[in-house]
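Per the numbering used here, the very first residue in the sequence shown carries number 5; after that it's consecutive.
A virtual CB, placed ideally from N, CA and C, is assigned to each residue, including glycine.
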Amino acid sequence: MLTRSGLRGREAELEELQALIATVARTGGGGLALIRGEPGIGKTTLLAEAVAMAKAAGFSVGLGKADELHRIVPLSSLAACVLQGDQPLLSGDAFADLEWNQDQRIWLVERLAEAIEARANGAPVFIGLDDVQWADPLSRFALKQLPVRLRTSPVLWVLAGRLDPAGPTEEILAAAADGLPTVTVPLGPLSVAAIRQLADDTLGAAVDERVRDLLDGAGGNPFLAVEMLAGLGSAETSGDLVPSTLVVGVRGRLRSLQPGTLRFLQMGAVLGRRFGFYDAAALCGQPPATLISALEEAVRAGLLRDEGDQLVFRHDLLRQAVYVDITPSARRALHREAAGHLVAAGRRPVDAVPHILRGALPGDEEAVALLRQAAEDVLPVTPGLAADLMTRALDLVPSARPLMFEVGEQAILCLTRAGRSREALSTGDRLLACRPPLEVFSRLQAALAGTLWNMDLAEELRRRAESALAVGGATPEAGVRLAALRALALSRGQDLVAAREAGEAALQAATALGDREAHVLALSALGEIAQNAGENTIALERFAALSTIDSAFLPEEIVAHLHVDDFAAGGRLLLQAADNAGPVRQAMMLWAQGQHDLGLGQLDDADASFMTMERLEDDIQVPVQQVNARVIRSRIALLRGDREAAREHLAAAQERLAVKPNPGNTAAVRFLEAVHAETDGDIGLAVDKIRQVQQEGFFMRWRLLRDWVDYAIRIALRGADHELAEDLAAQAEAHAERNPAAPTARGIAAQARGLAKNDPALLEDSVELLKESPRPLVRAAAYADLGQALLAAGRRPQAVAALTQAHAMFAESGAHAAAARLQHDLDGAGAASGRAVTKQRPVQGWGALTPSEKKVACLIADGHTNRSAADLLVISPHTVNTHLTSAFRKLAVNSRVQLAHLVMALPDTERTCG
């Protein structure tokens with residue numbers, strides 16, 4: 005079999021792939037192999053042999069091939085992998101639902117993962133993709149996520165692609181490097197001996213030394229060698245050593261075809277490696293029946309393969325050889341004609357886009373319209389591609405045409421969505437420099453608002469909105485949106501009274517006009533304004549109304565509930581979001597979940613939520629809360645006693661601050677630096693950092709310190725800076741006055757004043773007030789402060805009671821370092837030890853798992869998928885994956901099978917599942 009399949013000289017590579025297939029089948033874990041080499045070197049043949057070996061080993065196989073001319077269409081590359089074969093991984097209807105009825109890449113990838121994971125529960129899965137260098141952007145995105153996401157299941161990914169340092173293979177390998185066994189199989193030229201063995205296999209006794217010398221000119225490329233041998237094998241016996249049908253290279257071989265056949269092949273080459281017979285006939289301008297003889301000759305010559313519904317060039321080198329012989333001008337015209345035919349035949353605009361990109365000339369308004377529609381279609385899942393299409397559309401519009409501004413406005417929105425804010429701003433300013441009509445001027449300024457907001461240029465946003473409103477000429481819709489955007493910009497300023505007035509006026513105008521976008525913008529502005537003013541109840545009202553209009557703002561509503569101590573409502577909304585499992589800003593939902601868990605003292609779960617949120621933001625390259633998440637995770641690590649992790653999170657927060665240095669992020673990092681300085685014993689630096697926090701803006705201070713002001717006051721007092729301590733206490737009291745219904749705000753205000761005045765009575769008041777607070781860590785800190793103050797006042801019994809309460813709360817939350825410090829104080833006070841000994845979890849083994857990790861591990865060991873485990877635990881599948889990854893690391897296992905064996909082998913006394 006090896007000798008007849010073109011696999012001479014590839015025995016070592018086959019053994020490597022066979023070993024990986026066997027490992028995945030045996031261990032139940034995932035794997036990734038990348039076959040790399042130049043065109044014609046044998047990648048496709050080796051991949052086909054790997055498929056055969058996997059089928060023989062009982063794998064469920066999905067095999068696909070990316071296409072150069074279809075790499076625009078979202079998921080087109082992966083579609084073949086999951087839809088083809090005897091038992092497709094997904095039905096066509098299910099895939100269509102995934103492809104078009106969603107609006108986020110992360111959501112789509114998770115659904116694909118769930119489908120593959122479910123199939124892998126019954127049998128190992130092999131997914132192969134040939135010509136991965138031409139994978140469409142959404143498939144490339146999925147291939148960076150899926151192998152690692154499914155690493156605990158028996159799923160083997162085998163990708164074949166050309167050597168291209170700028171291609172997707174390096175990204176895919178880098179994404180899988182840390183969490184997945186990976187194998188790279190480089191294919192170099194075949195040895196002289198292997199090439200000659202191919203000749204012996206094909207021609208047998210007809211081979212002599214002169215033929216072998218000729219084959220040496222193939223340079224070790226098996227495809228070229230086989231083409232030469234095919235010509236020799238089909239030649240009639242004559243005195244000529246090299247028959248006229250044998251040529252060195254593919255082009256010469258094509259000259260033996262009838263002109264009509266070559267023309268037919270050229271039309272097919274324009275359409276792509278896979279093409280429809282009727283489509284090629286349309287480009288030829290002939291009825292399909294007249295081209296049957298051309299089709300038959302191309303198939304007989306071994307150039308095309310007829311698969312029934314499509315014709316396929318037997319190798320892409322054949323297609324390329326045909327394609328390059330078409331003159332560039334003719335190629336461009338044919339691509340443009342192909343685009344028109346596809347659209348006329350009812351294909352989607354995105355199917356015609358590859359031809360538009362190769363064939364359209366400036367001034368082609370039909371091409372511009374197709375690009376705009378395609379960009380709108382792909383924007384939800386591949387915003388980067390949408391931005392590329394719109395910049396190309398803008399290039400096709402002559403600068404003198406009004407259409408330029410419409411296209412430019414859409415380009416700005418797509419560029420902003422893709423995270424290319426500087427390019428969006430440059431595009432907008434270039435259009436504004438063309439002196440558009442006043443109505444268009446206003447629309448462009450409104451379109452640029454999202455760009456400026458993402459770039460943290462609130463003052464520039466305010467200036468531009470006011471300028472556009474001042475010059476007039478805007479439509480009523482554009483005018484009310486600009487007014488709402490101005491209010492949003494003012495939310496970051498010092499005069500929040502004026503900002504609120506502007507927001508109320510914009511909301512009233514939006515309601516009267518019935519403009520939904522303006523209504524959303526106005527409510528968003530008013531929510532930001534109330535939040536920045538510290539008016540949590542009003543902020544909740546605004547964000548709840550906003551969430552009713554647009555569910556994308558549900559995370560903001562949840563966090564607003566937490567700010568007024570309504571964790572019950574916040575929890576209900578989180579449960580509803582988990583039940584619906586829709587594609588609503590999943591990273592921000594994890595931020596809300598993390599805030600919820602942190603407030604309830606569930607440090608392990610909070611850390612997992614923030615970690616998962618950061619991973620999702622990295623995946624889609626939209627960093628929103630990464631600085632704040634790292635600040636919180638560093639504080640969590642300090643509470644646990646993990647100084648090394650705390651320092652790593654601090655360094656990560658500082659690094660991310662350099663990318664997004666807005667006032668809020670700056671204040672958060674300065675506060676964390678103060679905490680670390682105090683922990684390291686540098687009180688002077690810690691006090692200086694707290695003062696820097698105070699200088700970041702009045703509302704940034706309380707937004708950051710509303711739950712942490714007690715820590716800041718302790719730093720100030722340790723540094724003997726009583727003025728700073730008083731300022732912080734006054735800040736806490738002002739916040740409590742704005743939020744009289746929130747027990748946490750009132751309790752912290754009493755605690756802050758008690759610390760600043762060293763007044764045990766006030767600290768006792770704070771403890772009483774905080775008994776109604778749902779935040780155990782806040783209550784624990786108040787008890788600890790009270791205990792310290794009572795000890796200093798000589799009231800030992802009362803002090804021990806308060807410190808004991810604090811110790812228990814910290815220990816229950818997993819704040820082992822804080823509990824250990826209180827244990828030391830209690831020992832110093834001579835308290836009798838009736839407390840459980842606080843001990844850190846081990847680093848490895850079942851005992852190292854958090855309660856949530858144990859729950860997930862037990863469910864997965866029992867055969868649950870990530871989705872079914874998430875449904876039972878009412879959390880995100882992404883969070884399940886985070887818990888599972890951590891559990892695998894601590895347990896030193898690599899697959900669900902190994903996990904199941906480990907859990908079953910645990911003694912009954914240890915097999916607790918959270």
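From residue i to residue j, what distance separates their C-alpha atoms?
i, j, result
"Thr156", "Val328", "45 Å"
"Arg674", "Arg644", "21 Å"
"Trp595", "Leu315", "50 Å"
"Gly276", "Leu38", "24 Å"
"Leu766", "Leu794", "12 Å"
"Ala428", "His319", "41 Å"
"Met592", "Asp623", "14 Å"
"His359", "Ile330", "15 Å"
"Ala812", "Ala805", "11 Å"
"Ala760", "His882", "43 Å"
"Pro78", "Ala865", "35 Å"
"Ala117", "Arg153", "7 Å"
"Leu790", "Arg893", "41 Å"
"Ile120", "Gln809", "49 Å"
"Pro247", "Asp310", "Bear in mind that the predicted position of Pro247 carries a pLDDT of just 33, short of 50, making it unreliable; the figure below should be weighed with that in mind. Taking the straight line joining both Cα atoms gives about 27 Å."
"Pro43", "Arg166", "7 Å"
"Ala390", "Ser430", "17 Å"
"Ser856", "Asp608", "8 Å"
"His868", "Gly126", "12 Å"
"Val626", "Gly507", "27 Å"
"Gln848", "Glu174", "32 Å"
"Leu407", "Gly367", "10 Å"
"Ala650", "Ile25", "40 Å"
Leaving out five residues before and five after residue i in sequence, what residues of the same chain have Cβ atoms less than 6 Å from its Cβ?
i, result
"Ala54", "Leu21 and Val162"
"Gly13", "Leu194, Ser195 and Ala198"
"Met271", "Ala284, Leu287 and Cys288"
"Ala785", "Asp714"
"Leu67", "Val55 and Gly132"
"Gly264", "Ala298"
"His345", "Ala286"
"Glu114", "Pro881"
"Ser242", "Annotation note: pLDDT 40 at Ser242 (below 50); position unreliable, coordinate value reported separately. For Ser242, where only same-chain residues beyond five positions count, there are no Cβ hits under 6 Å."
So what does residue i bridge to, in DSSP terms?
i, result
"Thr188", "Leu38"
"Asp283", "Paired residues: none, contrary to the question."
"Gly476", "BP columns for Gly476 are empty, so no partner."
"Lys69", "Asp134"
"Ala64", "Reading off the sequence, residue 64 comes out as Ser, not Ala. Ser64 pairs with Val129."
Tell me the DSSP secondary structure of residue i in three-state form.
i, result
"Leu795", "helix"
"Arg309", "strand"
"Leu163", "strand"
"Arg278", "strand"
"Gln630", "helix"
"Gln926", "In this structure the chain extends from 5 to 918, so residue 926 is not present and cannot be described."
"Lys47", "helix"
"Ser157", "coil"
"Lys693", "helix"
"Ser238", "Note that Ser238 has pLDDT 46, beneath the 50 cutoff, so the model's placement of it is unreliable and no number is given."
"Ile76", "coil"
Return the chain-ordered list of same chain residues with a C-beta closer than 7 Å to the C-beta of residue i, the five sequence neighbours on each side being excluded.
i, result
"Leu906", "Leu895 and Val897"
"Thr683", "Leu642"
"Val631", "Ala657, Arg660, Leu661, Lys664, Asn669, Ala672 and Val673"
"Gly32", "Pro158, Ser899, Arg900, Val901 and Gln902"
Which same chain residues end up closer than 8 Å to residue i when comparing Cβ atoms and leaving out the 5 residues on each side of it in sequence?
i, result
"Leu517", "Pro480, Glu481 and Val484"
"Pro292", "Phe281, Tyr282 and Ala285"
"Thr616", "Leu594, Ser880, His882, Thr883, Asn885 and Thr886"
Quiz item: Which residue spans inside the segment 453-535 form an unbroken alpha helix (DSSP H) run of at least 4?
Solution: Segments of the alpha helix (DSSP H) lying fully in the segment 453-535: 462-475, 480-494 and 500-517.
Quiz item: Along the chain, which unbroken stretches of the alpha helix (DSSP H) at least 4 residues long are found entirely within the segment 302-369?
Solution: Counting whole runs of 4 or more residues, the segment 302-369 contains the alpha helix (DSSP H) stretches 320-328, 332-348 and 353-363.
Self-check item: Entirely enclosed alpha helix (DSSP H) segments - the segment 830-893, minimum 4 residues
Solution: Counting whole runs of 4 or more residues, the segment 830-893 contains the alpha helix (DSSP H) stretches 855-865 and 870-877.
Quiz item: Taking only runs of the alpha helix (DSSP H) that begin and end inside the segment 754-815, which ones reach a length of at least 4 residues, in chain order?
Solution: As far as the segment 754-815 is concerned, its whole alpha helix (DSSP H) runs of at least 4 residues are 764-774 and 780-796.
Exercise. Could you name each continuous alpha helix (DSSP H) segment of 4 residues or more that falls completely within the segment 411-453, going from the start of the chain to the end?
Key: Runs of the alpha helix (DSSP H) inside the segment 411-453: 425-436.
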